[in-house]
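In what follows, a single structure is set out as structure tokens and then discussed.
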Amino acid sequence: MPELPEVEIVRRGLAPAMEGAAFSAVTLNRADLRFPFEPRFAERLRGQNVARLTRRAKYIVAEADSGLCLAMHLGMTGRFTIERHSDGAGITPGSFYYEHAADTRHDHVVFAMSNGEVIRYNDPRRFGYMTLFDAGDMAEHALFRGLGIEPLSDALTPDYLAARAAGKTQALKAFLLDQRIIAGLGNIYVCEALFRAGLPPDAAAGALGIGKRGTAAAARLCAAIKGVLEDALLAGGSSIRDYRHANGDGGHFQEKFDVYGRGGEPCHNDCGALIVRKAQQGRSTFFCPRCQARI
DNA sequence: ACATAGACCTGTTGGC
DNA sequence: TGCCAACAGGTCTATG
Numbered sequence: 014m015p016e017l018p019e020v021e022i023v024r025r026g027l028a029p030a031m032e033g034a035a036f037s038a039v040t041l042n043r044a045d046l047r048f049p050f051e052p053r054f055a056e057r058l059r060g061q062n063v064a065r066l067t068r069r070a071k072y073i074v075a076e077a078d079s080g081l082c083l084a085m086h087l088g089m090t091g092r093f094t095i096e097r098h099s100d101g102a103g104i105t106p107g108s109f110y111y112e113h114a115a116d117t118r119h120d121h122v123v124f125a126m127s128n129g130e131v132i133r134y135n136d137p138r139r140f141g142y143m144t145l146f147d148a149g150d151m152a153e154h155a156l157f158r159g160l161g162i163e164p165l166s167d168a169l170t171p172d173y174l175a176a177r178a179a180g181k182t183q184a185l186k187a188f189l190l191d192q193r194i195i196a197g198l199g200n201i202y203v204c205e206a207l208f209r210a211g212l213p214p215d216a217a218a219g220a221l222g223i224g225k226r227g228t229a230a231a232a233r234l235c236a237a238i239k240g241v242l243e244d245a246l247l248a249g250g251s252s253i254r255d256y257r258h259a260n261g262d263g264g265h266f267q268e269k270f271d272v273y274g275r276g277g278e279p280c281h282n283d284c285g286a287l288i289v290r291k292a293q294q295g296r297s298t299f300f301c302p303r304c305q306a307r308i
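Read in order, the letters of the first sequence correspond to residues 14 to 308 in my numbering.
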């Protein structure tokens, strides 16, 4: 489900409920998500006070005063909802994705916080996962060790793209989806960024930075990636399919998609072409055959 | 190093 | 309406 903007919006929503509060009770309704929960997962969290909630790539990380860290990945269908103990039914402005209150079949993890907030993790497909580690071990942790740069940081530059793409015959789309290069992009924002940059998804990544056209392409791509992520954040992320919002604000970037999910519809550049959908790396790629014809 | 396919899961949608 | 195939925001593994 979520790519960088959605994960960041979820983090911002969870922060008021988690930061400065301790885990009063942690309930696991099953033994695993994508991976088994580690032994004593709930016991180790209980009583830990959350100092801050951060994000790295598509992970939300709750760091406790003790240094114990809880990493949470939403997979494809992971959602957090927040409700208060006191009034029960209330969904606070913090919660992002929310389905039917009655559908608790896939509520796999419940955090009861010391401030009265109850945070539920719901994930029908269970591609998400949670794991614990010590803050000092984060850099070498298998989940984080190989991650690429944050696209919204100053580390993403046209030169970085050109350097990492150098010599690669791999398709631009696969290059951008590789979390070891840039961490946080997924299928939607890669498609959207390539459209904004006017670059073909199946062109060789290695062409970036080569010659005048390649140099210009790297610059456009860099700006497009940052631009589309910033616009998505401002819109509160994208909510597609049956996902709905708890509070109505945010989550409207899907209305601004130029290509994703628009197969057969006219290009927003009014070039006269229709958006094409095709499979690439086993996933759907959407692009304008005219505006994204060549590097 | 790369591409491809399959795996993990459940739910929704579209075609017949 | 029913059934079935295809597809879904992610990533990991095996295989060529």
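Think of the CB as a built atom: it goes at the ideal place given N, C-alpha and C, for glycine as much as any other residue.
The structure presented is a predicted model; accordingly, all values stated were derived computationally and were not measured.
Run through the DSSP bridge pairs and tell me what residue i is partnered with.
i       : result
Asp-150 : In DSSP, Asp-150 forms no bridge with anything.
Val-131 : Glu-96, Ala-125
Lys-291 : Thr-298
Leu-145 : Leu-83
Pro-49  : Asp-45
Ile-162 : Ile-195
Asp-120 : Asn-135
For the beta strand (DSSP E) containing residue i, name the first residue and the last one.
i      : result
Cys-82 : 81–86
Arg-68 : 63–69
Name the two residues that bound the continuous alpha helix (DSSP H) containing residue i.
i       : result
Thr-228 : 224–247
Ile-73  : Unbroken run through Ile-73 is the beta strand (DSSP E), 72–77; no alpha helix (DSSP H).
Phe-208 : 200–210
Residue i by DSSP, collapsed to three states: which one?
i       : result
Ala-184 : strand
Met-31  : helix
Ala-44  : coil
Ala-38  : strand
Ala-220 : helix
Pro-279 : strand
Asp-172 : helix
Arg-59  : coil
Ile-11  : Since the first residue of the chain shown is 14 and the last is 308, residue 11 is not available in this structure.
Arg-25  : helix
Phe-270 : coil
Glu-16  : coil
Arg-177 : helix
Buried or exposed for residue i, going by 16 or more other Cβ atoms inside 10 Å?
i       : result
Leu-212 : buried
Lys-186 : buried
Lys-71  : buried
Thr-298 : buried
Leu-247 : exposed
Asn-42  : exposed
Pro-106 : In this prediction, Pro-106 scores a pLDDT of 39, lower than 50, which makes its location untrustworthy; the coordinate-derived value is nonetheless stated afterwards. When all chains shown are included, Pro-106 counts as exposed.
Ser-79  : exposed
Cys-284 : exposed
Ala-220 : buried
Is residue i near the ligand COA, with its Cβ less than 7 Å from a heavy atom?
i       : result
Thr-144 : For the structure depicted, the ligand COA is absent and the ligand set is empty, with no information on it obtainable.
Cβ contact check for the segment 87–98 and the segment 141–153: 3 or more pairs under 8 Å: yes
Okay, do the segment 63–72 and the segment 41–52 touch, 3+ Cβ pairs below 8 Å being the bar? no
Per the contact definition of three or more C-beta pairs closer than 8 Å, is the segment 173–186 in contact with the segment 198–214? yes
Can at least three beta-carbon pairs, one atom from the segment 161–175 and one from the segment 222–242, be found at a separation below 8 Å? yes
When you compare the segment 201–211 with the segment 167–176, are there three or more beta-carbon pairs, one atom per stretch, that lie closer than 8 Å? no
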